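Enquirer:
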Amino acid sequence: MKSFSKMAYPYVVWMCIMIIMPMLMLVLYAFTVKGNDILTFQFTLENFARFFNDTIFPSVLWRSLKMAFITTGLCILIGYPTAYIFARMKPNNQAVMILLVTLPMWINVLVRTYAWRGLLGYVDFSSEMRVYVGMIYNFLPFMILEIYTSLSKIDPNLIVASHDLGADDGETFRRVILPLSLPGVVSGITLVFLPAVSSFFIPKLLGGGQYVLIGNLIEDYFITSGDWNFGSAISLIMAIIILISMYVMRKLDRGAKEAMD
Amino acid sequence: MKKQTIFKAMMAGSLGFLCACGGGSTAEEQFDAKELYGCNVINVYNAGEYIGDGVLTDFEKIYNARINYDTFDSNESMYTKLLGGSAYDVLVPSDYSIERLIQEGMLQKLDKDALENLELLDTIAVDMQKEYDPELAYAVPYFRGSVGLVYNKTNVDPAVIEEKGWDILLDETYRGRVFMYDSQRDAFMVAFKALGYSMNTENPEEIEAAYNWLIEMDKAVEPSYVMDEVIDAMMNGEKDIALMYSGDAAYVCSENEEMAYLEPYQGTNIWEDAMVIPASSQCPGLAHAFVDYITGYDAAYANSETVGYTAVNKQVFDEMSTDEELYGGVDGYIPRTGYDKDEVFHFNEVLRQELSDRWNKVKAGSN
Numbered sequence: 027m028k029s030f031s032k033m034a035y036p037y038v039v040w041m042c043i044m045i046i047m048p049m050l051m052l053v054l055y056a057f058t059v060k061g062n063d064i065l066t067f068q069f070t071l072e073n074f075a076r077f078f079n080d081t082i083f084p085s086v087l088w089r090s091l092k093m094a095f096i097t098t099g100l101c102i103l104i105g106y107p108t109a110y111i112f113a114r115m116k117p118n119n120q121a122v123m124i125l126l127v128t129l130p131m132w133i134n135v136l137v138r139t140y141a142w143r144g145l146l147g148y149v150d151f152s153s154e155m156r157v158y159v160g161m162i163y164n165f166l167p168f169m170i171l172e173i174y175t176s177l178s179k180i181d182p183n184l185i186v187a188s189h190d191l192g193a194d195d196g197e198t199f200r201r202v203i204l205p206l207s208l209p210g211v212v213s214g215i216t217l218v219f220l221p222a223v224s225s226f227f228i229p230k231l232l233g234g235g236q237y238v239l240i241g242n243l244i245e246d247y248f249i250t251s252g253d254w255n256f257g258s259a260i261s262l263i264m265a266i267i268i269l270i271s272m273y274v275m276r277k278l279d280r281g282a283k284e285a286m287d
Numbered sequence: 047m048k049k050q051t052i053f054k055a056m057m058a059g060s061l062g063f064l065c066a067c068g069g070g071s072t073a074e075e076q077f078d079a080k081e082l083y084g085c086n087v088i089n090v091y092n093a094g095e096y097i098g099d100g101v102l103t104d105f106e107k108i109y110n111a112r113i114n115y116d117t118f119d120s121n122e123s124m125y126t127k128l129l130g131g132s133a134y135d136v137l138v139p140s141d142y143s144i145e146r147l148i149q150e151g152m153l154q155k156l157d158k159d160a161l162e163n164l165e166l167l168d169t170i171a172v173d174m175q176k177e178y179d180p181e182l183a184y185a186v187p188y189f190r191g192s193v194g195l196v197y198n199k200t201n202v203d204p205a206v207i208e209e210k211g212w213d214i215l216l217d218e219t220y221r222g223r224v225f226m227y228d229s230q231r232d233a234f235m236v237a238f239k240a241l242g243y244s245m246n247t248e249n250p251e252e253i254e255a256a257y258n259w260l261i262e263m264d265k266a267v268e269p270s271y272v273m274d275e276v277i278d279a280m281m282n283g284e285k286d287i288a289l290m291y292s293g294d295a296a297y298v299c300s301e302n303e304e305m306a307y308l309e310p311y312q313g314t315n316i317w318e319d320a321m322v323i324p325a326s327s328q329c330p331g332l333a334h335a336f337v338d339y340i341t342g343y344d345a346a347y348a349n350s351e352t353v354g355y356t357a358v359n360k361q362v363f364d365e366m367s368t369d370e371e372l373y374g375g376v377d378g379y380i381p382r383t384g385y386d387k388d389e390v391f392h393f394n395e396v397l398r399q400e401l402s403d404r405w406n407k408v409k410a411g412s413n
């Protein structure tokens, strides 16, 4: 057993170089001033002060969070009934429907977003509406798949039993199906909310630059401004928010699983 | 060995020249880059939508070489990638960006002996070059131009836009009908000029005033912030007014007769893009050959014809700007020169950071 664990060393080294190092660099940049050389660092909290003392930056953060919440909510609203309908179809039809949902994912998301830009050129939507269309289109399949998976795992005998015990369709759904499908909803939320809050190319391509989210702000500061310190500080704020959300999700997930037992 | 290399390179250059004078479509001479320069691959980093059809493959055939061609959408992103350690042999940045690269010692002085075609350059272009490369040591001009407004003649009254100039961007009538470059330099240039300041100002009050002008502009017309996408969009007439570089404007105006190009009376930015070779180039010999090839008649012709930017090769410029079949009579092909309110932009790191920060805020504050 011990000899096998040694085989993981290359992977550990790889992780250190590709994941840990960049994260450390990010933290270092976020807490230092511009123009340091390799040997001397001047530490500061100024980058964070600059973010929170401004009226615009926190409002961009708020806008990103709001957008991610609404996208996730709408994905559940559309995704749950869709997954429910799929789960009640004949097995063969189910496979076809799931294929149809996953099919667009074989094409690169950038290409699909460009296609949406062409399509949305024909309608008179505000830039905010365009971004929402793009976001929901892009993330909906993840939500449908997660919910469908947990719905299709429910033992049909449980539903029969529920009817036997005198529950009507509505009550069966509320007291049997819904609680059993909650883990799927929770992992769907994880898969939609986290990428949505940090997405930058969908608002950029569909919002015409009129709808700036936190991801766009990070990109602007890194790529065009060349201000890596402030860019890193924004990224770190973002990372902390994602960590907190993941913690909340795990709590929710555990709650959902306990409710099941 | 070295002498031989230079001799062959000169042969290559003069041959290109001869072909050009003969209007040449005779069989091109072949060279072997590997034999001449010891390497046969160069990495070229150019702006997007900025090269003629077939230019790269022709060069590859003539020199039996390979070009890795890469494009950027702004000088700033080019610089960031360069800092990140990407290795290139030829770059095509704008004037102010070259100024910065020279200051930071990132470029190598060009070997004039390997550049036979320099004498074909238009004197206007060489005069412009003195603004950012005073010794004429590091760069070879690629295209020149100005910045202005492309507008739809049927939907926007030419008399009104000419009278208002840049201030048309504060007119709520045009809300949702405007494209603006997502570039702090161009955006602030418009604001500075609209307010009657120099685009190279360091005066904090003037910068603050320009910032407020841009916020007002953002609220008034809610422009879409774009880069190269603006070319196709204006060709299809998607919106009525767009901030554009003269060359893209010439292309749009030649394809869509409803469009016209205006250089506002308040003055604008006149600029030049040029080819430079980074100090870190792994294959400078072939890079020089490439720079020289682009300066020659055939490539300059193909480049200017395809993308619509103003040629810096004198003969090509004369042909393009007079021939009705090409860009003769097309707005934007001949950028304004000699107008005292027009300016060349100069690199200023402090200013760049301040404007960049404010530009991010203008965009982030919208909605």
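First to last, the protein sequences are chains A and B. For what it's worth, this note's numbering labels the leading residue of the first sequence as 27, then goes sequentially. For what it's worth, this note's numbering labels the leading residue of the second sequence as 47, then goes sequentially. The C-beta atom is built at its ideal place from N, Cα and C for all residues, glycine as well. Computed from a prediction, not measured in an experiment: that's the story for all the values here.
Where does serine 402 of chain B land, buried or exposed, given buried means 16+ other C-beta within 10 angstroms?
Expert: buried
Enquirer: Taking the alpha-carbon of isoleucine 244 of chain A as reference, which of A:Ile260, A:Ala222, A:Leu231, A:Phe95 has the nearest alpha-carbon?
Expert: A:Ile260
Enquirer: Alpha carbon to alpha carbon, how far is asparagine 110 of chain B from methionine 321 of chain B?
Expert: 21 Å
Enquirer: Any idea what DSSP makes of tyrosine 355 of chain B, helix, strand or coil?
Expert: Note: tyrosine 355 of chain B maps to coil in three-state DSSP.
Enquirer: Candidates A:Asn79, A:Ser178, A:Trp132: which alpha carbon is nearest leucine 204 of chain A's?
Expert: A:Ser178
Enquirer: Say whether chain A places a C-beta atom closer than 8 Å to the C-beta of alanine 410 of chain B.
Expert: yes
Enquirer: What span of residues does the alpha helix (DSSP H) with methionine 161 of chain A cover, start to end?
Expert: Note, methionine 161 of chain A: alpha helix (DSSP H), 153-178.
Enquirer: Does the beta carbon of glutamine 236 of chain A come closer than 8 Å to any beta carbon on chain B?
Expert: yes
Enquirer: Helix, strand or coil for isoleucine 104 of chain A per DSSP?
Expert: In this structure, DSSP gives isoleucine 104 of chain A a helical state, which the three-state scheme calls helix.
Enquirer: Below 8 Å on the Cβ atoms is my guess for threonine 128 of chain A versus proline 84 of chain A; work out the distance and round it to an integer in Å.
Expert: About 38 Å; that fails the 8 Å criterion.
Enquirer: For alanine 237 of chain B, tell me which candidate among B:Trp259, B:Asn198, B:Asp228, B:Asn406 has the shortest Cα-Cα distance.
Expert: B:Trp259
Enquirer: Within 8 Å of any Cβ in chain B, is that where the Cβ of glycine 147 of chain A sits?
Expert: At least one beta carbon of chain B lies nearer than 8 Å to the beta carbon of glycine 147 of chain A.
Enquirer: Would proline 180 of chain B be called buried (16 or more neighbouring beta carbons within 10 Å of its own) or exposed?
Expert: exposed
Enquirer: Shorter than 8 Å from the beta carbon of threonine 247 of chain B to some beta carbon of chain A?
Expert: no
Enquirer: Since threonine 117 of chain B sits in a beta bridge, which residues does DSSP pair it with?
Expert: The partner list for threonine 117 of chain B (beta bridge, DSSP) reads B:Asn92.
Enquirer: Which residues does DSSP list as the beta-bridge partners of alanine 185 of chain B?
Expert: B:Val322
Enquirer: Thinking C-alpha only, which one of B:Val224, B:Phe118, B:Leu164, B:Gly293 is nearest phenylalanine 189 of chain B?
Expert: B:Gly293
Enquirer: Whose Cβ in chain A lies nearer than 9 Å to the Cβ of valine 272 of chain B?
Expert: Gly234, Gly235
Enquirer: Would you report the Cα separation of proline 187 of chain B and leucine 153 of chain B, rounded to the nearest angstrom?
Expert: So the two alpha carbons sit approximately 15 Å from each other.
Enquirer: Looking at the secondary structure, which residues open and close the alpha helix (DSSP H) in which methionine 281 of chain B lies?
Expert: Counting along the chain, the alpha helix (DSSP H) containing methionine 281 of chain B begins and ends at 275-281.
Enquirer: To the nearest angstrom, how far is it from the Cα of tryptophan 317 of chain B to the Cα of valine 390 of chain B?
Expert: Cα to Cα, tryptophan 317 of chain B sits roughly 6 Å from valine 390 of chain B.
Enquirer: Under the DSSP definition of a beta bridge, which residues are partnered with glutamate 389 of chain B?
Expert: B:Asn315
Enquirer: Between threonine 250 of chain A and chain B, is any beta-carbon pair separated by less than 8 Å?
Expert: yes
Enquirer: When burial is assigned at 16 or more other CB atoms within 10 Å of the CB, is glycine 69 of chain B buried or exposed?
Expert: The predicted position of glycine 69 of chain B is uncertain, since its pLDDT is 40 and thus under 50; a value taken from the coordinates is nonetheless stated next. With fewer than 16 Cβ atoms within 10 Å of its Cβ, glycine 69 of chain B is classed as exposed.
Enquirer: Less than 8 Å between the C-beta atoms of valine 212 of chain A and leucine 278 of chain A, yes or no?
Expert: yes
Enquirer: Is the segment 225-244 of chain A touching the segment 170-184 of chain A, taking contact as three or more C-beta pairs under 8 Å?
Expert: no
Enquirer: Is it buried or exposed for tryptophan 212 of chain B, if we count other Cβ within 10 angstroms and need 16 for buried?
Expert: Buried is the call here.
Enquirer: Which chain A residues are close to tyrosine 125 of chain B, counting only those with a beta carbon under 9 Å from its beta carbon?
Expert: Gly252
Enquirer: Could you tell me whether the segment 148-155 of chain A touches the segment 117-126 of chain A, using the rule of 3 or more Cβ pairs below 8 Å?
Expert: no
Enquirer: Could you name the residues of the segment 98-127 of chain A whose beta carbon sits closer than 9 Å to any beta carbon of chain B, in the order they occur along the chain?
Expert: none
Enquirer: Compare the C-alpha of alanine 160 of chain B against each of B:Tyr142, B:Thr341, B:Asn246 and name the closest.
Expert: B:Thr341
Enquirer: If I'm right that valine 172 of chain B touches tyrosine 291 of chain B with Cβ under 8 Å, what's the distance once you round it to whole angstroms?
Expert: With 8 Å as the limit, valine 172 of chain B and tyrosine 291 of chain B do not qualify as a contact, their Cβ atoms being about 20 Å apart.
Enquirer: In chain A, what lies closer than 9 Å to lysine 407 of chain B by C-beta?
Expert: Asp80, Ile82, Phe83
Enquirer: Along the chain, where does the beta strand (DSSP E) containing alanine 306 of chain B start, and where does it finish?
Expert: 305-308
Enquirer: Taking 7 Å as the limit between beta carbons, can you name the residues of its chain near tyrosine 142 of chain B, skipping five residues before and five after?
Expert: Tyr178, Phe391, His392, Phe393
Enquirer: Out of B:Met366, B:Leu332, B:Asn406, which one is the CA nearest neighbour of threonine 348 of chain B?
Expert: Here residue 348 of chain B is alanine; the residue named in the question, threonine, does not match the sequence. Alanine 348 of chain B has its Cα closest to that of B:Met366, out of B:Met366, B:Leu332, B:Asn406.
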